[in-house]
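J.: In my numbering, the protein residues as written are 84 to 455.
From the three backbone atoms N, C-alpha and C, an ideal C-beta is built for every residue, glycine too.
Below you'll find the structure I mean.
In structure tokens form, the structure reads like this:
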């Protein structure tokens with residue numbers, strides 16, 4: 084049976100509708116100001132001023148606005164990304180790697196080089212790290228303040244088996260291996276390497292998100308527990324929260340930051356490992372709203388206070404500490420979180436004078452071990 088061709092008028096109508104539909108949606112739909120998927124502000128509608136410079140700049144500004152607000156843009160981007168990820172197993176973004184079994188990893192040139200161990204330190208760089216961290220430790224020790232440098236592993240360090248096959252490691256030793264070995268061999272800088280405890284936990288319960296660059300609540304707790312086990316012998320008044328795998332539950336959630344980067348958070352959902360109930364019982368947040376989201380907590384310094392807990396902590400951290408903060412805040416009478424790590428000694432000196440800590444921690448993910 085041969086199907087009849089549709090009338091030409093129908094084809095013309097469909098063609099004209101396809102051409103005009105995006106413009107109609109763009110004009111009649113709401114004007115978005117931010118792209119959640121791309122994590123950036125969208126170009127605003129430019130104002131036309133009747134002077135030479137404004138007229139020269141207007142076409143480029145309007146083109147940027149039109150490109151960002153093109154009707155159905157987000158839907159088209161989502162469908163295109165889904166086609167490439169689900170069918171071709173290829174990422175449409177240089178910042179996301181599509182692994183196997185639903186795993187996503189951080190891409191981008193520097194991160195891929197780090198994952199492949201294609202970025203070794205030279206002797207001078209390691210010596211520089213040693214000098215800078217030793218100077219911090221010595222300055223703090225002279226004031227009876229303990230110092231600890233904490234190395235948090237990126238997801239590829241713990242789950243290399245789920246990386247794309249093209250991301251092969253060309254050296255056995257990573258920058259983290261080099262740095263930790265150098266610091267423990269040639270300095271007295273206290274270093275806490277969280278890689279062993281997280282690798283050991285893999286068969287028990289997954290410590291990292293599949294569609295996010297970070298660890299989950301369980302992985303953050305393992306990091307916190309290792310941190311406190313290191314600190315409590317010298318600071319027994321600090322409290323350790325005792326949790327078990329029974330304290331965590333698996334919930335279906337939208338995908339994390341990597342899935343969001345592809346505009347596929349709702350499609351690439353994952354079983355998220357979370358605490359059954361909040362462990363926060365005494366920590367009071369100072370400096371930002373108590374219900375501030377993770378973006379605010381990541382960008383801004385703030386403090387927490389906890390009645391009944393001992394010792395004061397000053398913590399320089401990156402985004403990995405966000406999931407660890409609820410635990411850490413319960414263990415100390417006062418914690419000030421500062422969103423830069425490692426920090427210059429001049430910044431440490433200033434904040435020590437302001438917050439009077441007993442302990443200073445610099446926490447850093449292995450992907451950011453680029454300079455001290």
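What is the DSSP secondary structure of residue 415, counted as helix, strand or coil?
T.: Note: residue 415 maps to coil in three-state DSSP.
J.: Looking only at DSSP bridge pairs, what is residue 355 linked to?
T.: The partner list for residue 355 (beta bridge, DSSP) reads 334.
J.: Measure how close the beta-carbons of residue 401 and residue 448 come, nearest whole angstrom, since I'm counting them as under 8 angstroms.
T.: Right, the Cβ-Cβ distance comes to about 6 angstroms (below 8 angstroms), so this counts as a contact.
J.: Is DSSP giving residue 298 helix, strand or coil here?
T.: Reduced to three states, the DSSP call for residue 298 is strand.
J.: Please state whether DSSP places residue 305 in a helix, a strand or coil.
T.: DSSP places residue 305 in helix when its eight states are reduced to three.
J.: Using the Cα positions of residue 340 and residue 296, report the straight-line distance between them to the nearest angstrom.
T.: Rounded to whole angstroms, residue 340 to residue 296 spans 7 angstroms at the Cα level.
J.: With three or more beta-carbon pairs closer than 8 angstroms as the criterion, would you say the region 196 to 208 touches the region 256 to 270?
T.: Result yes; three or more Cβ-Cβ pairs closer than 8 angstroms.
J.: Run through the DSSP bridge pairs and tell me what residue 389 is partnered with.
T.: In DSSP, residue 389 forms a bridge with 366.
J.: Just to confirm, are residue 473 and residue 408 a CB contact at a threshold of 7 angstroms?
T.: The first residue shown for the chain is 84 and the last is 455, placing residue 473 beyond what the model contains.
J.: Since residue 247 and residue 182 are thought to touch, with beta carbons under 8 angstroms apart, how far apart are those beta carbons, to the nearest angstrom?
T.: Yes, residue 247 and residue 182 are in contact; Cβ-Cβ is about 6 angstroms, under 8 angstroms.
J.: Is the separation between the beta-carbon of residue 300 and that of residue 351 shorter than 7 angstroms?
T.: Against a cut-off of 7 angstroms, the Cβ pair of residue 351 and residue 300 comes out as no contact.
J.: Would you mind reading off the limits of the beta strand (DSSP E) that contains residue 447?
T.: From DSSP, the beta strand (DSSP E) with residue 447 extends over 442 to 448.
J.: Output yes or no for whether 7 angstroms exceeds the beta carbon distance between residue 282 and residue 309.
T.: No, Cβ-Cβ distance for residue 282 and residue 309 is not below 7 angstroms.
J.: Would you mind stating whether residue 395 and residue 329 have Cβ atoms separated by less than 7 angstroms?
T.: No, the pair does not count as a contact, with Cβ atoms beyond the cut-off.
J.: Mind the definition here: the region 312 to 323 touches the region 426 to 439 only if three or more C-beta pairs lie below 8 angstroms; say whether that holds.
T.: Verdict: no, contact absent.
J.: Would you tell me roughly how many angstroms separate the C-alpha atoms of residue 178 and residue 217, rounded to the nearest one?
T.: Rounded to the nearest angstrom, the two C-alpha atoms are 35 angstroms apart.
J.: Using the Cα positions of residue 424 and residue 245, report the straight-line distance between them to the nearest angstrom.
T.: Roughly 28 angstroms between the two C-alpha positions.
J.: For the beta strand (DSSP E) containing residue 395, name the first residue and the last one.
T.: Residues 395 to 399.
J.: So the beta strand (DSSP E) residue 197 belongs to, where does it begin and stop?
T.: Segment 192 to 198 is the alpha helix (DSSP H) holding residue 197; no beta strand (DSSP E) there.
J.: Which first and last residues belong to the alpha helix (DSSP H) in which residue 403 is found?
T.: Segment: none, residue 403 is in no alpha helix (DSSP H) and carries neither H nor E.
J.: If I measure Cβ to Cβ from residue 322 and keep anything under 6 angstroms in the same chain, skipping five residues before and after, which residues do I get?
T.: Contacts found: 392, 414.
J.: Taking the alpha helix (DSSP H) that residue 283 belongs to, which residues open and close that run?
T.: Segment 278 to 284, the alpha helix (DSSP H) holding residue 283.
J.: In whole angstroms, what is the alpha-carbon distance linking residue 223 and residue 304?
T.: Between residue 223 and residue 304, the C-alpha separation is close to 27 angstroms.
J.: Please list the terminal residues of the continuous beta strand (DSSP E) segment that includes residue 229.
T.: 229 to 235 is the extent of the beta strand (DSSP E) around residue 229.
J.: Label residue 455 either buried or exposed according to how many other C-beta atoms from any shown protein chain fall within 10 Å of its C-beta, with 16 as the threshold for buried.
T.: Buried.
J.: Which class does residue 189 belong to by DSSP, given the choice of helix, strand or coil?
T.: Correct three-state label for residue 189: strand.
J.: Applying the 10 Å Cβ sphere with the 16-neighbour rule, what's the burial state of residue 240?
T.: Buried, because 16 or more other Cβ atoms sit within 10 Å of the Cβ of residue 240.
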